[in-house]
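J.: Take the sequence shown: its position 95, counted from the start at 1, is 107 in my numbering, and no numbers get skipped.
We put the beta carbon where it would ideally sit given N, CA and C, even for glycine.
These figures come from a predicted structure and were not determined experimentally.
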Amino acid sequence: MENKTSKYFKYAIGEIILVVIGILIALQINNWNQERINQQKAIVYLNSLIEDIESDVINYNGNITNYQTSLNNNKRLLINDDYKLLEGDSIIKLVSGYYEVDRTSSQTYEKIKNAGLAESLGSEEVNKVINDYYNAQKSYYQTMLRWDKDFSDKDVNFWTYNTNYESSSIRNYNTNALPFLNSAAKRKEDLINLIESTQGRNHLRNAIIRKEHTLYRANEFVVTAENLINLITKELNSK
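#1: Check the Cβ-Cβ distances between Y79 and every residue of chain B, and say whether any is below 8 Å.
#2: Does the region 66–85 come within contact of the region 124–143, defined as at least 3 CB pairs closer than 8 Å?
#3: Quick one: what does DSSP say A10 is sitting in, helix, strand or coil?
#4: Given N50, which residues of its chain have a CB within under 7 Å of its CB, disregarding the five upstream and five downstream residues?
#5: Return yes when the Cβ of F170 is within less than 8 Å of the Cβ of H215, no when it is not.
#6: Would L61 and T116 qualify as a contact pair, given that the criterion is a beta-carbon distance under 8 Å?
#7: Using the C-alpha atoms, what's the distance from A219 back to T155?
#8: If you draw a straight line from the C-alpha of D165 to the C-alpha of Q52, how long is it?
#9: Would you check if the distance between the CB atom of E178 and the CB atom of N194 is smaller than 8 Å?
#10: In this structure, how does DSSP classify R217 when only helix, strand and coil are distinguished?
#11: Along the alpha helix (DSSP H) that carries L157, what are the first and last residues, could you check?
#12: Taking buried to mean at least 16 other C-beta atoms within 10 Å of its own C-beta, is Y110 buried or exposed?
#13: For Q116, which of helix, strand or coil comes out of DSSP?
#14: Three-state secondary structure (DSSP) at L206?
#15: Would you decide whether Y228 is buried or exposed? Buried here means 16 or more other CB atoms lie within 10 Å of its CB.
#16: Which one of Q149, K246 and R222 has the shortest CA to CA distance from D299?
#17: Could you tell me whether the Cβ atoms of Y72 and A197 are closer together than 8 Å?
#18: Does G74 pass the burial test, meaning 16 or more other C-beta atoms within 10 Å, or should it be called exposed?
#19: Mapping DSSP to helix, strand and coil, what is E66?
#20: Using 8 Å as the threshold, is the C-beta distance between E247 and S118 below it?
#21: Can you have a look at S108 and say buried or exposed, based on whether 16 or more other CB atoms are within 10 angstroms of its CB?
#22: Tell me the rounded alpha-carbon separation between L240 and V141.
#23: Over what stretch of residues does the alpha helix (DSSP H) that includes K140 continue unbroken?
Shown next, in the form of structure tokens:
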């Protein structure tokens with residue numbers, strides 16, 4: 013009887029062990045399958061990230077061009093006198109109070125976070141650089157744009173609504189069809205006096221400093237984005 017019980021006991025233990033082994037194998041296979049699926053998703057996401065970041069570079073470069081134009085215009089007013097040869101409507105366009113808005117894309121990165129793959133896209137370096145780009149660098153970029161916009165709006169208010177000059181146009185919007193109290197020559201004289209005033213020069217000087225800073229940072233963003241594209245491309249080539 014004891015031998016029979018012992019045999020049944022050993023058989024039961026063996027069955028349990030086989031079941032456990034089967035479960036472990038199934039779990040391992042499931043993990044392998046999930047890992048393979050995640051790797052395939054990562055490849056798709058990485059390719060999509062490259063497209064997004066390439067679009068970011070285009071936007072950064074567009075900002076650089078526009079900031080440089082605005083910077084040159086403000087410097088012309090502050091440093092040189094040749095602007096006085098222009099018509100008054102052309103002079104006011106040089107103090108446009110230009111600013112940029114964020115046109116970069118984080119769509120793919122948001123999908124990556126929602127899928128829980130922000131730390132599983134590739135090597136540890138790739139994961140870190142991608143997360144830093146979207147969480148730190150882009151956050152700084154957006155803060156910089158808001159800062160520039162806030163002060164650019166103050167510039168626009170100064171040049172457009174100043175009581176010492178009747179504004180004709182700004183940001184390329186022409187209002188010459190509307191009547192003015194003074195002649196074009198008198199309005200041009202008032203505008204030049206406003207530009208040469210202490211308050212006017214302060215607005216120009218601060219706009220120049222601000223645009224120089226945003227230009228410097230925008231160029232840094234281009235370098236960072238291009239380096240990230242190269243890093244992701246290298247990661248994809250290794251898969």
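T.: In brief:
#1: Judged by its chain identifiers, the structure shown contains no chain B, having just a single protein chain.
#2: no
#3: A question about residue 10 goes unanswered here, because the residues of the chain that appear run from 13 up to 251.
#4: Stepping through the sequence shown from its first residue, residue 50 is reached at position 38. Result list for N50: L129 and S132, in chain order.
#5: In the sequence shown, the residue the question calls residue 215 occupies position 203. In the sequence shown, the residue the question calls residue 170 occupies position 158. A contact, by the Cβ cut-off of 8 Å.
#6: Here residue 61 is taken as the residue at index 49 of the sequence shown, counted from 1. Here residue 116 is taken as the residue at index 104 of the sequence shown, counted from 1. No, the pair does not count as a contact, with Cβ atoms beyond the cut-off.
#7: Stepping through the sequence shown from its first residue, residue 155 is reached at position 143. Stepping through the sequence shown from its first residue, residue 219 is reached at position 207. Between T155 and A219, the C-alpha separation is close to 17 Å.
#8: For this step, residue 165 is matched to residue 153 along the sequence shown. For this step, residue 52 is matched to residue 40 along the sequence shown. Each residue's Cα considered, the two are about 47 Å apart.
#9: The count along the sequence shown starts at 1 and reaches residue 178 at position 166. The count along the sequence shown starts at 1 and reaches residue 194 at position 182. Yes, the Cβ-Cβ distance between E178 and N194 is below 8 Å.
#10: Position 205 of the sequence shown, counting from 1, holds the residue named residue 217. Residue state, collapsed to three classes: helix.
#11: Residue numbering aside, residue 157 sits at position 145 when the sequence shown is read from its first letter. Where L157 is concerned, the enclosing alpha helix (DSSP H) stretches over K150 to Y173.
#12: Here residue 110 refers to the residue found at position 98 when the sequence shown is read from its first residue. Y110 is buried by the Cβ-count criterion.
#13: On the sequence shown, residue 116 is found 104 positions in, with the first residue counted as 1. The question names Gln, but residue 116 is Thr in the sequence shown. DSSP places T116 in coil when its eight states are reduced to three.
#14: What you label residue 206 is simply residue 194 of the sequence shown in a count that begins at 1. If DSSP states are grouped into helix, strand and coil, L206 belongs with the helices.
#15: Here residue 228 refers to the residue found at position 216 when the sequence shown is read from its first residue. The residue in question, Y228, is exposed, as its Cβ has fewer than 16 Cβ neighbours within 10 Å.
#16: An answer regarding residue 299 cannot be provided, because it is not within the stretch 13 to 251 covered by the chain.
#17: Position 60 of the sequence shown, counted from the start, is the residue given in the question as residue 72. Position 185 of the sequence shown, counted from the start, is the residue given in the question as residue 197. No, Cβ-Cβ distance for Y72 and A197 is not below 8 Å.
#18: For this step, residue 74 is matched to residue 62 along the sequence shown. That one is exposed.
#19: Looking up residue 66 in the sequence shown gives position 54. Three-state DSSP puts E66 in a helix.
#20: To locate residue 247, count along the sequence shown from 1; it is residue 235. To locate residue 118, count along the sequence shown from 1; it is residue 106. Contact: no.
#21: By one-based count along the sequence shown, residue 108 stands at place 96. So S108 counts as buried.
#22: By one-based count along the sequence shown, residue 240 stands at place 228. By one-based count along the sequence shown, residue 141 stands at place 129. Cα-Cα distance, rounded: 7 Å.
#23: Walking along the sequence shown from the start, residue 140 turns up at place 128. Element bounds for K140: E136 to D144.
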